[in-house]
Amino acid sequence: MSTAIWWVRRDLRLADNQALRAAMAQSESVVPVFILDPRLLASPYSSTQRNAFLLAGLRSLDQDLRQLGSRLIIHQGDPVEALTILRSQSGATAVYAEEDISPYARRRDARVQAALPLILTNGLTVHPPDLLLKKDGCPYTVYTPFSKTWKSLPRPVEANLLSKPTALNTPKGLPTLPLSFGPALSDQIPFKPGEAEALRRLEKFVRSTDLAIYQYGEQRNRPDIDGTSALSPYIRFGMLSLRRAVVAASQAIEEAPDKMSHKSAETWLNELIWREFYLTILYHFPHVRQRSFRSQYDGINWDNDTQAFEAWCQGRTGYPIVDAAMRQLQQSGWMHNRTRMITASFLVKDLLIDWRWGERWFIQHLIDGDPASNNGGWQWTAGTGTDAAPYFRIFNPVLQSKKFDPQGKYIRRWLPELSDVPDRYIHEPWRMPADIQIQTNCRIGQDYPRPIVDHASARKRTLAAYKLVSG
DNA sequence: TTTTGAGTTGTTCGA
DNA sequence: GTCGAACAACTCAAA
């Protein structure tokens, strides 16, 4: 009887899993394995809560596998060694895995491929990154033409998605580690791990009676409203395939009742394509993890004030929208997309701190932290990346706050010390007269920090620093 | 090869 | 208070 190993990495799902499908097609018996790679778990880019989410996700996958008569094998250690051991224990003839594109993953897979019969399948992206190219054969570096070509290619349809396997034959008696170890997921993390939860959320977003996907265009920018799909942690770990999300988006676009709804659903699809764009960029330009995509910006003379950086990390800059967002990140492991841009712009352009410092802090705290999207977002904000914001486009944290959190609901949720501050001063509490500061228990400089920089002068300093290297 | 049109997410200033 | 222009030219993709 032939046996194959299904090596789970960031595809913690049974439905629409091309690696699992390939393993099942080639073998009567399949061994699902996850390898806890100490190099990843202890990396300076790892996050305790993201690791906890992963481990909880593995427990959930193990439960799903038990229902099929199988189970998830856990190994700890170097992947080449672990797979070699597992191969001799199980008598497997091949290892199947979904291709990953990060520089570390590709080096690791090349090492495994040199030692073992490893077969990589597509599935992380809808269109493989080495196939979606310009007519001259080079990769796209601008989003709009990339997305046009992406949309011109055949779209996945529901019928083509593999339904969940109904049974999985796995050899018995393989040694495994218990999944009870490791950090626990904090109760403050508003994401329940697992494939079932991912699908429930997707259904709710695209089909619920409140038509969330059809209001996405307007509501997605409001951190005070639950207007986003909040699917990013699930897509990050493959509890939901990008392909399945695209199918849902395409159906919603087709069935849209009016023009605005149509546009909204199209906007959400574009967000999925942005994810694919940045995965493709990292695949073709791995140097972006170390340096600016546009090399002239490596010469920026950053201020890199460690005290200012610490204030930003801890949410003590004195700008409420920035501080609320940074506390949301630390407490809940997630941050709204609009405030990711606001806080990133503040770090880079108000504090003149190297975008890589912020990139690292985000990846150390985000449950959905993904090297490709995180790097793409930071380089976009810093103006150093592909298709980046022009460097003179500097967010004004007060205007952004007034525009996207008009009543200060988001601010008050994450900054209880500002809960009694009147609406009039909620976006810039340092303007409060002294008597109101006392009445509302919010003395600036004591209960809540004074702004650590003046936006107008910080803006001028940054424009000058960028101008020096651009041109 | 040269040319042409276009490019996620803004802000500030002055009329 | 509202509006358009300036920010600053540059790179990319495709004809």
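If you use this note's numbering, the first sequence corresponds to residues 709 to 1179, in order.
For every residue, glycine included, the Cβ atom is placed at its ideal position computed from N, Cα and C.
Please read all numbers here as calculations on a predicted model, not as lab measurements.
Requested in this report: Could you check which residue in 750, 1121, 738, 897 has the C-alpha nearest to that of residue 795?
Outcome: The option with the nearest alpha carbon to residue 795 is 738.
Query raised in the report: For residue 738, does the three-state DSSP call read helix, strand or coil?
Result: Residue 738: strand per DSSP, three-state reduction.
Requested in this report: Spatial neighbours of residue 754 within its chain, please: CB distance less than 6 Å, with the 5 preceding and 5 following residues excluded, ordered by chain position.
Outcome: There are no such residues.
Query raised in the report: What are the start and end residues of each continuous alpha helix (DSSP H) run of 4 or more residues lying completely inside the region 959-1020, in chain order?
Result: Listed in chain order, they are 967-992.
Query - Runs of alpha helix (DSSP H) wholly within the region 1049-1135 (minimum 4 residues, chain order) - result: As far as the region 1049-1135 is concerned, its whole alpha helix (DSSP H) runs of at least 4 residues are 1063-1073, 1079-1090, 1105-1112, 1117-1122.
Query raised in the report: Among 879, 950, 1090, 963, which one has its Cα closest to the Cα of residue 985?
Result: Measuring from the Cα of residue 985, the nearest candidate turns out to be 950.
**Report entry** residue 1025, buried or exposed, once every other Cβ within 10 Å from all chains shown has been counted against 16
**Finding:** Result: buried.
Query - Unbroken stretches of the beta strand (DSSP E), 3 residues or longer, contained in the region 820-872 - result: Correct list: 826-829.
Requested in this report: Can you say whether residue 757 is buried or exposed, counting buried as having 16 or more other CB atoms within 10 angstroms of its CB?
Outcome: Buried is the call here.
**Report entry** Closest by C-alpha distance to residue 1009, when choosing among 834, 1173, 716, 1042
**Finding:** Of the candidates 834, 1173, 716, 1042, the residue whose Cα lies closest to the Cα of residue 1009 is 1173.
Query raised in the report: Relative to the C-alpha of residue 910, which residue among 901, 892, 931, 956 is closest?
Result: For residue 910, the nearest C-alpha among the options comes from 956.
Requested in this report: List the residues that DSSP assigns as beta-bridge partners of residue 804.
Outcome: In the DSSP secondary-structure assignment, residue 804 is bridged to 714, 827.
**Report entry** Nearest-angstrom Cα separation, counted from residue 1041 out to residue 1073
**Finding:** Those two C-alpha atoms are separated by around 6 Å.
Report task. Taking all protein chains shown into account, decide if residue 1012 is buried (16 or more other Cβ within 10 angstroms of its Cβ) or exposed. Result -> That one is exposed.
Query raised in the report: Are the beta-carbon atoms belonging to residue 1020 and residue 1055 less than 9 Å from one another?
Result: Yes, the pair counts as a contact, with Cβ atoms nearer than the cut-off.
Query raised in the report: Roughly how far, in whole angstroms, is the beta-carbon of residue 1169 from the beta-carbon of residue 1060, given that I think they are within contact range, below 8 Å?
Result: The pair is a contact, with the Cβ atoms about 6 Å apart (cut-off 8 Å).
Query - CB-CB length for residue 958 against residue 919, believed under 8 Å - result: Going by Cβ atoms, the distance from residue 958 to residue 919 rounds to 16 Å, so no, they are not a contact pair.
Report task. Could you check what DSSP says for residue 1154 in three-state terms: helix, strand or coil? Result -> Assigned with DSSP and collapsed to three states, residue 1154 falls in coil, not helix or strand.
Query - Per-residue burial, residue 1146 [other beta carbons within 10 Å of its own, 16 or more giving buried] - result: So residue 1146 counts as exposed.
**Report entry** Same chain, Cβ closer than 6 Å to residue 1106, neighbours up to 5 away in sequence not counted
**Finding:** Within the same chain, and ignoring the five residues on either side of residue 1106 in sequence, the residues whose Cβ sits closer than 6 Å to its Cβ are 1135, 1136.
Requested in this report: Would you kindly work out how many angstroms separate the C-alpha atoms of residue 711 and residue 799, rounded to a whole number?
Outcome: When rounded, the distance between both Cα atoms is 7 Å.
Report task. Could you name the residues of the same chain whose beta carbon sits closer than 8 Å to that of residue 1098, not counting the 5 residues immediately before and after it, in chain order? Result -> So the qualifying residues of the chain are 1091.
**Report entry** residue 813 beta carbon less than 9 Å from that of residue 826
**Finding:** Their beta carbons are not under 9 Å apart, which means residue 826 does not touch residue 813 by this criterion.
**Report entry** the region 1030-1045 / the region 928-943 touching (three or more Cβ pairs under 8 Å)
**Finding:** Contact between the region 1030-1045 and the region 928-943 is present, because at least three Cβ pairs lie under 8 Å.
Requested in this report: To the nearest angstrom, report how far apart residue 835 and residue 979 are at their CA atoms.
Outcome: If I take the Cα positions, the gap works out to 15 Å.
Query - In DSSP terms, what residue 781 is bridged to - result: Residue 781 has 741 as its beta-bridge partners, per DSSP.
Query raised in the report: Should the region 777-786 be called in touch with the region 739-752, which here means at least 3 C-beta pairs below 8 Å?
Result: Yes, they touch.
**Report entry** Where residue 1163 falls: helix, strand or coil (DSSP)
**Finding:** Helix.
Query raised in the report: Using CA coordinates, which residue listed in 746, 833, 855 is at the minimum distance from residue 672?
Result: Coverage of the chain is limited to positions 709 through 1179, which leaves residue 672 absent and any answer about it impossible.
Report task. Identify which residue in 1001, 1156, 879 has its Cα closest to the Cα of residue 1138. Result -> Minimum Cα distance to residue 1138 is reached at 1156.
Requested in this report: Alpha carbon to alpha carbon, how far is residue 936 from residue 904? Give it in angstroms, no decimals.
Outcome: Taking the straight line joining both Cα atoms gives about 19 Å.
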